[in-house]
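Just so it is clear: in the sequence shown, position 146 is 146 by this note's numbering, and no numbers are missing. Glycine included, every Cβ here is placed at the ideal spot set by N, Cα and C. Please read these numbers as outputs of a predicted model, since none were measured by experiment.
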Amino acid sequence: MTAVDLDVKFRLMVETDVPLLHEWIQRPHVAEWWDGRGASAHLEDTKRKYLPRLRDSSSVKCHFAILHGEPIGFIQSYVALGCGDGWWQDETDPGVRGIDQFLGDDSKLGQGLGTRMVTAFVRKLFEDPSVTKVQTDPNPVNGRAIRCYEKAGFRIVGKIVTPDGAALLMVIEKGCARAA
Ligand SMILES: CC(C)(COP(=O)(O)OP(=O)(O)OC[C@H]1O[C@@H](n2cnc3c(N)ncnc32)[C@H](O)[C@@H]1OP(=O)(O)O)[C@@H](O)C(=O)NCCC(=O)NCCS
Numbered sequence: 001m002t003a004v005d006l007d008v009k010f011r012l013m014v015e016t017d018v019p020l021l022h023e024w025i026q027r028p029h030v031a032e033w034w035d036g037r038g039a040s041a042h043l044e045d046t047k048r049k050y051l052p053r054l055r056d057s058s059s060v061k062c063h064f065a066i067l068h069g070e071p072i073g074f075i076q077s078y079v080a081l082g083c084g085d086g087w088w089q090d091e092t093d094p095g096v097r098g099i100d101q102f103l104g105d106d107s108k109l110g111q112g113l114g115t116r117m118v119t120a121f122v123r124k125l126f127e128d129p130s131v132t133k134v135q136t137d138p139n140p141v142n143g144r145a146i147r148c149y150e151k152a153g154f155r156i157v158g159k160i161v162t163p164d165g166a167a168l169l170m171v172i173e174k175g176c177a178r179a180a
């Protein structure tokens, strides 16, 4: 196996990926922390929510994380400025990206894979010269996610209230990203 085989890679989701995404967000280890625990059991609802995000014009970009050619997780990035619906209303910097993510297989949790995925994705985001900062906002009681993001180089800014409820804002500035 070469070093390249060990890298987590990313590809933009396409419409035919939505059923797998839907299956993942039903799994208890994801549902516990995703969509304010409100993920719908109906595929049509998941399509309604995620298909618009697959358009070129969307400021949210949905990816599958790929390892050894197989999808292992979901990760989306968004432009924080102008999110709407009460999100990130104080943001003035167009270079800030936010990320949300999970691993699809609960047997893979807690083994460093999430840290590799997030580290590689942040590095990819920072390849865009216009990106200044990456943020993520785990539930303040999601200790595993918080520890993972710290290992990936994020620092805790503090507790905030988002339209989805209480969250812990964590950021990583350009120049502080770790090598994957
Ligand atoms: C969040 C997620 C992507 C992290 O990936 P992961 O592969 O499980 O994380 P890692 O193994 O890289 O790191 C987890 C760290 O948290 C630690 N940890 C595990 N449970 C913990 C807990 N309850 N409290 C504090 N730390 C915990 C682990 O020991 C590990 O730290 P260490 O390497 O210093 O020992 C993954 O767990 C996941 O998909 N979870 C379900 C969905 C979710 O929570 N998504 C995030 C929404 S913000």
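Not one heavy atom of ligand 1 lies closer than 6 angstroms to the C-beta of PRO19. Between GLY114 and GLU150, the alpha-carbon positions lie close to 11 angstroms from each other.
Each residue's CA atom was taken as its position, placing LYS49 and ALA167 some 22 angstroms apart. Rounded to the nearest whole angstrom, the CA to CA distance from GLU91 to ALA41 is 33 angstroms. Taking the Cα positions, PRO19 is about 15 angstroms away from PRO52. Taking a C-beta distance under 7 angstroms as the contact criterion, GLY104 and GLY73 qualify as a contact pair.
Per DSSP, the beta bridge partners of HIS63 are LEU12, ILE75. If you draw a straight line from the Cα of ALA152 to the Cα of LYS47, it comes to about 31 angstroms. When rounded, the separation of the alpha-carbon atoms in GLN135 and VAL118 is 11 angstroms. Within the model, the alpha-carbon separation for ALA65 versus LYS9 is close to 6 angstroms. Within a 10 Å sphere around the beta-carbon of ILE172 sit 16 or more other beta-carbons, which makes this residue buried.
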